[in-house]
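A.B. asks: For the sequence shown, counting from 1, position 53 maps to 64 in the numbering used here; every step adds exactly one.
A virtual CB, placed ideally from N, CA and C, is assigned to each residue, including glycine.
Being a predicted model, the structure only gives us computed values, none of them experimental.
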Amino acid sequence: MLLHDCIFSILYYIFNTVLCLKAGDFKRNIHRINQAVYITCPISSLFVIIEKILDVIELKQAFFSLIATMLERLCATYYIQDYEKKQRPWIGYILIAFLYSSALFTEYIVDFKSEYFVTFSTVHLIINGISYGILLWTYRLNRSYYFENRVVKHTYSLGERYQISENIRIHKYFTRYLFVIAFFTSACGVIMIAALLSARPFHRMLIAMFDLSYILLTIFAPYFSLQMSESFQNKYDLILLKMGIRRQTKVLDIFSEKARKLKNTFGEQMNFESSRHSDVYFEQFRKAWSREVKTPQK
12 MLLHDCIFSI LYYIFNTVLC LKAGDFKRNI HRINQAVYIT CPISSLFVII
62 EKILDVIELK QAFFSLIATM LERLCATYYI QDYEKKQRPW IGYILIAFLY
112 SSALFTEYIV DFKSEYFVTF STVHLIINGI SYGILLWTYR LNRSYYFENR
162 VVKHTYSLGE RYQISENIRI HKYFTRYLFV IAFFTSACGV IMIAALLSAR
212 PFHRMLIAMF DLSYILLTIF APYFSLQMSE SFQNKYDLIL LKMGIRRQTK
262 VLDIFSEKAR KLKNTFGEQM NFESSRHSDV YFEQFRKAWS REVKTPQK
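Rendered as structure tokens:
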């Protein structure tokens with residue numbers, strides 16, 4: 012069934028139903044029965060329309076998530092003075108628009124320009140590799156900023172110190188997430204290229220492997236991404252504690268309501284009372300950035 016046929020079917024049903032309501036044709040049982048039968052037609056048309064829409068938007072965004080993450084981390088490094096203070100939501104909206112436009116472009120290549128799909132997938136693999144390399148470079152760049160304060164005695168403002176520490180800490184959180192995205196997006200690309208170039212007996216097997224890789228990507232990527240959120244992890248651990256799945260083993264347990272988790276610049280965990288959150292964080296922040304001046308030995 013074509014899309015415009017489905018739309019016409021729904022509009023025609025709405026038109027007839029409105030006329031029946033105005034004419035009072037629902038007073039007799041035969042009319043009620045006919046309307047009950049007839050209503051299944053626009054419902055079926057609606058499902059077809061939804062399926063067509065899902066065919067366009069349900070895929071492909073995840074394949075560009077590594078590139079979007081790389082661009083966001085570049086912005087965090089570029090606006091190092093006040094990136095966390097001034098959130099700049101336009102960056103997020105532009106990257107979301109990039110994800111969906113890339114997904115639509117990929118859908119267009121798959122449906123209408125399949126002869127270019129191998130070239131498109133190859134370019135996508137190369138860009139993913141470059142993106143992963145740039146992410147590692149931004150991490151090393153922020154580490155160099157961090158150690159410059161001690162070795163070269165470069166002075167940074169408090170906002171710059173905070174952002175440098177956040178960039179390093181977020182990368183530590185994102186290590187597994189980035190690896191999962193890089194691995195599965197690359198695997199999906201390689202499998203799809205192999206499926207297009209292989210003979211029919213192997214084609215179905217490779218398509219099944221592609222579907223499995225994509226499903227694993229959509230499972231593991233959100234899991235590791237949510238692990239980066241300390242507030243989410245605190246709530247999640249608290250739910251497990253209340254359900255009895257996890258047991259509180261310490262007097263000051265990180266899963267209790269009065270305690271929270273805090274990690275320093277390099278991802279090392281510290282336990283503390285929630286009322287002392289600010290004191291502990293800024294004390295750790297001050298120590299991490301303090302210069303150690305050693306007196307020369309005589």
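(1) Excluding the 5 residues preceding and the 5 following Cys-17 in the sequence, name in chain order all residues of the same chain whose CB lies nearer than 7 Å to its CB.
(2) State the CB to CB distance for the pair Phe-74 and Thr-196, rounded to an integer number of angstroms; the pair is presumed to be in contact (CB under 8 Å).
(3) Considering Cα atoms alone, identify which of Leu-146, Ser-20, Arg-172 is closest to Phe-158.
(4) Determine the burial state of Gln-174: buried for a count of at least 16 other Cβ atoms within 10 Å of its Cβ, exposed for fewer.
(5) At what residue ranges does the region 186 to 245 contain a whole run of the alpha helix (DSSP H), taking only runs of 4 or more?
(6) Tell me the DSSP secondary structure of Gly-255 in three-state form.
(7) Assuming Ile-192 contacts Asn-153 under a Cβ cut-off of 8 Å, what Cβ separation, rounded to an integer in Å, is found between them?
(8) Which value, in whole angstroms, describes the spacing of the CA atoms of Leu-189 and Leu-77?
(9) Alpha carbon to alpha carbon, how far is Leu-82 from Leu-106?
(10) Might you give, ordered along the chain, the residues of its own chain that have their beta carbon closer than 8 Å to the beta carbon of Arg-211, omitting 5 neighbours on each side?
(11) Quick one: what does DSSP say Arg-180 is sitting in, helix, strand or coil?
(12) What does the Cβ neighbour count give for Leu-208, buried or exposed, with the cut at 16 atoms within 10 Å?
(13) Are the region 211 to 224 and the region 90 to 108 touching by the rule of at least three beta carbon pairs closer than 8 Å?
(14) Would you say Leu-249 and Gly-200 are within 9 Å of each other, going by their C-beta atoms?
(15) Classify Leu-228 as buried or exposed, calling it buried when 16 or more other Cβ atoms lie within 10 Å of its own Cβ.
(16) Does the beta-carbon of Ser-285 have 16 or more other beta-carbons within 10 angstroms, so that it is buried, or is it exposed?
(17) Rounded to whole angstroms, what is the Cα-Cα separation between Ile-93 and Ala-87?
(18) Classify Val-29 as buried or exposed, calling it buried when 16 or more other Cβ atoms lie within 10 Å of its own Cβ.
(19) Got a sec, what are the start and stop residues for the alpha helix (DSSP H) Arg-99 sits in?
(20) Hey, could you find the ends of the alpha helix (DSSP H) Glu-126 is sitting in?
(21) Just the Cα atoms here: how many angstroms apart are Arg-187 and Arg-215?
(22) In angstroms with no decimal places, state the Cα-to-Cα distance between Phe-26 and Ala-206.
(23) Tell me whether Lys-261 sits in a helix, a strand or coil according to DSSP, three-state version.
(24) If you drop the 5 nearest sequence neighbours on each side, which residues of the same chain put their C-beta closer than 8 Å to that of Ile-120?
(25) Below 6 Å CB to CB, which residues in the same chain sit around Ile-21 once its five sequence neighbours on both sides are set aside?
(26) Can you tell me which of the three DSSP states Phe-283 falls into?
(27) Express the C-alpha separation of Lys-124 and Phe-283 in angstroms, rounding to a whole number.
(28) Give me the residue from Phe-213, Thr-80, Ser-112, Tyr-49 with the minimum Cα distance to Ile-141.
C.D. replies: Once the coordinates are examined:
(1) Ser-56, Val-59, Ile-60
(2) 5 Å
(3) Arg-172
(4) buried
(5) 211 to 238
(6) coil
(7) Wrong, their Cβ atoms sit about 20 Å apart, outside the cutoff.
(8) 7 Å
(9) 8 Å
(10) none
(11) helix
(12) exposed
(13) no
(14) no
(15) buried
(16) At Ser-285 the pLDDT is 48, less than 50, meaning the model places this residue with poor confidence; the figure from the coordinates comes in the next sentence. Flag for Ser-285 reads exposed.
(17) Position check: residue 93 holds Asp in this sequence, whereas Ile was assumed. Cα to Cα, the separation comes out at about 9 Å.
(18) exposed
(19) Looking at the DSSP string, Arg-99 is not in any alpha helix (DSSP H), and its letter there is neither H nor E.
(20) No alpha helix (DSSP H) holds Glu-126; DSSP gives it neither H nor E.
(21) 30 Å
(22) 47 Å
(23) Since pLDDT at Lys-261 reaches only 49, below the 50 mark, its modelled position is unreliable, and no value is offered.
(24) Tyr-127, Phe-128, Phe-131
(25) Pro-53, Ser-56
(26) With a pLDDT of 47 at Phe-283, under the threshold of 50, the modelled position of that residue is not reliable, and no figure is offered here.
(27) Any reading at Phe-283 must be qualified, since the residue scores a pLDDT of 47, below 50, and its modelled position is unreliable; no value is offered.
(28) Thr-80
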